[in-house]
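Engineer: Same order as they appear, the protein sequences are chains X and L.
Heads up, the first sequence is in our numbering, so the first residue is 989 and it goes up one at a time.
Heads up, the second sequence is in our numbering, so the first residue is 454 and it goes up one at a time.
Just so you know, even glycine gets a beta-carbon here, dropped at the ideal spot from N, CA and C.
Quick caveat, the model's predicted, so the values are computed rather than measured.
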Amino acid sequence: MNTIVCVKQVLDPEIPPAKFKIDPEAKQVIPPPGVPPVISVYDERAVEAACRLKDKHKGKITVISMGSAKASDVIKHAISMGADDGFVLQDPAFENLDSFGTAYVLGKAIQKIGGYDLVLCGRQAADWGAGQVGSILAEILGLPVITLACDVQAVDKKVRVKRMVNDGYEVVEAPMPSLVTVSSEIGLPRLPGGMGLMMARKKQIPVWKAQDIGAETSQLDKANAHTEITALSVPTRKTECEIVTGGTPGEAASNLASKLIKLL
Amino acid sequence: MDSHKGVLVCGEIAEGKLAPITIELLGAGRKLANDLGEELSTLLMGSKTGSLGQEAIAYGADKVYVAEDNLLDHYNSDAYTQVAADLCRKVLPSIMLLGHTDVGCDLAPRLNGRLGGGLAMDCLELSVDPATKLMASTRPVFGGNAHARMVSKSARPQMATVRPKTVPAAERNDSRQGQVIPVEGKIDPSALKVTVVERIKEAVEGVKLEDAEVVVSGGRGIGNAQNWEMVKELARALGAAVGATRPACDEGWAPVTLQVGQSGKVVNPKLYIAVGLSGAMSHIAGCLGSKVIVAINKDKEANIFSVAHFGIVADFKEVLPALTTKFKELLSK
Chain X
989 MNTIVCVKQV
999 LDPEIPPAKF
1009 KIDPEAKQVI
1019 PPPGVPPVIS
1029 VYDERAVEAA
1039 CRLKDKHKGK
1049 ITVISMGSAK
1059 ASDVIKHAIS
1069 MGADDGFVLQ
1079 DPAFENLDSF
1089 GTAYVLGKAI
1099 QKIGGYDLVL
1109 CGRQAADWGA
1119 GQVGSILAEI
1129 LGLPVITLAC
1139 DVQAVDKKVR
1149 VKRMVNDGYE
1159 VVEAPMPSLV
1169 TVSSEIGLPR
1179 LPGGMGLMMA
1189 RKKQIPVWKA
1199 QDIGAETSQL
1209 DKANAHTEIT
1219 ALSVPTRKTE
1229 CEIVTGGTPG
1239 EAASNLASKL
1249 IKLL
Chain L
454 MDSHKGVLVC
464 GEIAEGKLAP
474 ITIELLGAGR
484 KLANDLGEEL
494 STLLMGSKTG
504 SLGQEAIAYG
514 ADKVYVAEDN
524 LLDHYNSDAY
534 TQVAADLCRK
544 VLPSIMLLGH
554 TDVGCDLAPR
564 LNGRLGGGLA
574 MDCLELSVDP
584 ATKLMASTRP
594 VFGGNAHARM
604 VSKSARPQMA
614 TVRPKTVPAA
624 ERNDSRQGQV
634 IPVEGKIDPS
644 ALKVTVVERI
654 KEAVEGVKLE
664 DAEVVVSGGR
674 GIGNAQNWEM
684 VKELARALGA
694 AVGATRPACD
704 EGWAPVTLQV
714 GQSGKVVNPK
724 LYIAVGLSGA
734 MSHIAGCLGS
744 KVIVAINKDK
754 EANIFSVAHF
764 GIVADFKEVL
774 PALTTKFKEL
784 LSK
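Here's what the structure looks like:
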C-alpha cells in the first residue's frame, strides 16, 4: 500500500522560553540562532504510523513538506526512518499561507503524486498548532477523514483506526483512500537505522514550485486569505513565586500544605 | 457577506445534558450577539434531545435548531458535519462557535473545509471589534509562548473553537423566551464513509485529568518508577489526578494519556502541583490556565518557578512524604 505523509518543519518546541523571541511588527517568531528546526512532533508520529504499515504490507511512503529549502531536512529525517521518497513544496507564493492555503498546496501536490491508499498528517503542528490542515485537505480531496488516531491498520482494503475520544476510544473503519490525522498516543517514533541514514544522505529531494503542481496563484493570494493574524504578542505573566521554607524540607512541605489547604 | 447574520453555537450533549462547554459557549455567544445587535442560535444534534432545546433558551439562545436522528446518537464525524453544514447554508450565521473538545476539534475544521469560512482553534478570548464588527479571536501559539489574534475579513462564517473553562458560563434564566425549531431533512447515509466498529469506555484510575480540581504532575526529575509512586501517593491524598510531562511518559512511568502539555492534555485545575519537572514551554502550555501553580524542584533556576505561585526549592524525595502526610492530617479535620 502507498502512503503519503505531510510533514512540517518547526521551531524546536523544547527550547527554553528565554530563547523564544517574536517580531510583533512582522507577526513572526524570530528563530533562535544555533537551534536547528525539527520535524513537528505529531508529524513524526504520522511517519511512524506509515512505517508500521509498510513493515506489514510493503508499499511506498512518500513525504511532502511545504516550507523553506531547509524542509528537505525533515524529509530526510522521514527517509531515515523508512520513507522512500519526498518532495519539498517551496515557492514565494507559499509563504505565510493560512490553513486553507496550506491545505490547497498540499492537495495539489498529493494529486500530482497520485496512486495513494492513505494520506497521513499529524493532528496539529507544534508551532501554530491550528489542527485544521488535515481535515480541510480531506474535504478538498473528497476523502473520508479520521482524526486523532492512536493506531492505524490496513484490513481488507479498508483503513481501521483506533481514535481517542473524551472517555476512551473508538475503533472506526473507512474505505481507502482515506486521510488520517495521527496523535502522539500512537507511541514513540523509531530511531533512524544505519541503512536509513545512508539512504537519506544520498537521496535528492526535488523542490516543487506552484507551477509544478498546478497551484493557481489566485488561490494563494493573501487578499483572499480565510484568516489573518492581526497581532502576535508574548503574554505577560506577573506571577510572584513565594518560596516556602522551613527548618527542613519536610517542615517546608508542612508549611506549604497549610497554605494550600485554604484553596481546596 | 452581509447576508450572514447572527451567532450560532454548535452545542454538545453529554449523557443527556447540555455539556458544560455548551453553556460556556452560550455565555460567550450571547455577548458577541449583543455586541452585534444580532441573534444567538444553537444547534443541538442527538437521537433524543428532550427538553434540552428549552434549556438552551434558558441559557441565552434566541433560537434552537434541533436535529434528531438515531444516526446522531453518538458523535459521528460524517453525520454531524453533514447536518451542521446543511444548517449553516440555510441559516448563514456570521459567527459560529464550537467547543475545543474532541467533538469540536474534529467537526470545526471539517465544517471549515466544507463551508469555506475562517477558523481559529483553541481560542481563549473572543470579541467584536466595535468599528469593523469583525470577530477577533485570541489563541495560544507556539505552545503558549505567544498569543495570536486572528480575524476573518471576508470568509464566512467566522468560526472559533473555544477552550473549555476559559469563558464564563451563561446564567440560567427559565423565564427567557425563544424558539425551538426542528431541523428538517434526513441524513444521506451514502455520505457516511466512516463506520464505527466499536466504542470503548476507558476506566480511569482515580480522578479524570481534564475534570480534576487538583492535579499532581511529575517530570523527568522523578527518576524512576518507584519514586513515581510518591507522586501518585500525594495525588491520592488530595483526591487529585496524576499528570506527567512528555519525558516521564516516554520513560513509561505514566501512560501517555496522562501527558500534560502541548502534545498532551490541557488542564485548568484550581491547584497544579509540579514535581521534579523543569517547566519546558511545551509542558507549561498544558497547565498555565491553572489558578495556582506550585513548584517543587531542587534547581532554583528551573523555569517552572517563573510561572509558579508557591515553590519549595529542595529534593522532592524529602518534600513529598511530608506534604502527603500533612495534607492527610489537614483534610481529615
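#1: Which residues of chain X have a Cβ atom closer than 9 Å to the Cβ of L:Glu655, listed in chain order?
#2: State whether the stretch 1227-1242 of chain X contacts the stretch 756-776 of chain L, with contact taken as three or more CB pairs (one from each stretch) at a distance under 8 Å.
#3: Thinking just about the alpha-carbon of each residue, which of L:Gln507, L:Val556, L:Asp559 is nearest to the one in L:Asp627?
#4: Would you decide whether X:Ala1014 is buried or exposed? Buried here means 16 or more other CB atoms lie within 10 Å of its CB.
#5: Do X:Lys1096 and X:Gly1202 count as a contact pair if the criterion is CB distance below 8 Å?
#6: Grab me the residues of L:Met683's own chain with a C-beta within less than 6 Å of its C-beta, minus the 5 sequence neighbours each way, in chain order.
#7: In the stretch 486-526 of chain L, which residue ranges form an unbroken alpha helix (DSSP H) of at least 4 residues, counting only runs that do not cross its ends?
#8: In three-state DSSP terms, what is L:His762?
#9: Exposed or buried, which one is X:Ala1213 when buried takes at least 16 other CB atoms within 10 Å?
#10: DSSP three-state label for L:Thr534, please.
#11: Unbroken alpha helix (DSSP H) runs of length 4 or more, entirely within the stretch 661-742 of chain L: which are they?
#12: Taking the straight line between their C-alpha atoms, what separation do you get for X:Cys994 and L:Gly631?
#13: Which term fits X:Leu1179, buried or exposed, when burial requires 16 or more other beta carbons within 10 angstroms of its beta carbon?
#14: Classify X:Gln1199 as helix, strand or coil using the three-state DSSP reduction.
#15: Taking X:Asp1011 as part of the beta strand (DSSP E), name the residues at either end of that continuous run.
#16: For L:Asp455, is the classification buried or exposed, using 16 other Cβ atoms within 10 angstroms of its Cβ as the cut-off for buried?
#17: Using a Cβ-Cβ distance under 8 Å, would L:Cys463 count as near chain X?
#18: With respect to the beta strand (DSSP E) encompassing L:Pro593, which residues constitute its N-terminal and C-terminal limits?
#19: Grouping DSSP H, G and I as helix and E and B as strand, with all else coil, what is X:Leu1104?
#20: Taking any Cβ of chain X, which residues in the stretch 692-709 of chain L have a Cβ under 7 Å from it, in chain order?
#21: Which full runs of the alpha helix (DSSP H) of 4+ residues lie inside the stretch 1120-1200 of chain X, going along the chain?
#22: Tell me which residue opens and which closes the alpha helix (DSSP H) that X:Ile1067 is part of.
#23: Applying the 10 Å Cβ sphere with the 16-neighbour rule, what's the burial state of X:Ala1091?
#24: If you measure from the CB of L:Lys770, is any heavy atom of the ligand COA nearer than 7 Å?
#25: Is X:Glu1204 helix, strand or coil when you go by DSSP?
#26: May I have the straight-line CA-CA distance separating L:Leu662 from X:Met989, to the nearest angstrom?
#27: Quick one: does L:Leu724 have its CB under 8 Å from some CB of chain X?
#28: Quick one, which of X:Val1143, X:Thr1050, X:Met1054 has its alpha-carbon nearest X:Gly1280's?
#29: Identify every residue that forms a DSSP beta bridge with X:Ile1003.
#30: If you draw a straight line from the alpha carbon of X:Asn1084 to that of L:Gly732, how long is it in whole angstroms?
#31: Any Cβ of chain X within less than 8 Å of the Cβ of L:Met574?
#32: Give the single residue among L:Asp531, L:Lys781, L:Gly764, L:Ile476 whose Cα lies nearest to the Cα of L:Leu645.
#33: Thinking just about the alpha-carbon of each residue, which of L:Ala486, L:Ala601, L:Leu579, L:Ser504 is nearest to the one in X:Ser1221?
#34: L:Gly571 versus chain X: which residues are under 7 Å apart at the beta carbon?
#35: Thinking C-beta only, is L:Ile737 closer than 8 Å to L:Val760?
Structural biologist: This is what the structure holds:
#1: Asp1155, Gly1156, Tyr1157
#2: yes
#3: L:Gln507
#4: exposed
#5: yes
#6: Leu773
#7: 505-511
#8: coil
#9: buried
#10: helix
#11: 678-691, 699-703, 734-737
#12: 46 Å
#13: exposed
#14: helix
#15: 1009-1011
#16: exposed
#17: no
#18: 588-594
#19: The question names Leu, but residue 1104 of chain X is Tyr in the sequence shown. Coil, per DSSP.
#20: Asp703, Val709
#21: 1121-1129, 1182-1190
#22: 1060-1069
#23: buried
#24: The ligand COA is not part of the structure shown, which contains no ligands of any sort.
#25: coil
#26: 38 Å
#27: yes
#28: The structure shown does not extend to residue 1280 of chain X, since chain X is modelled only from 989 through 1252, so no value can be given for it.
#29: The partner list for X:Ile1003 (beta bridge, DSSP) is empty, contrary to what the question assumes.
#30: 30 Å
#31: yes
#32: L:Asp531
#33: L:Ala601
#34: His1214, Thr1215
#35: yes
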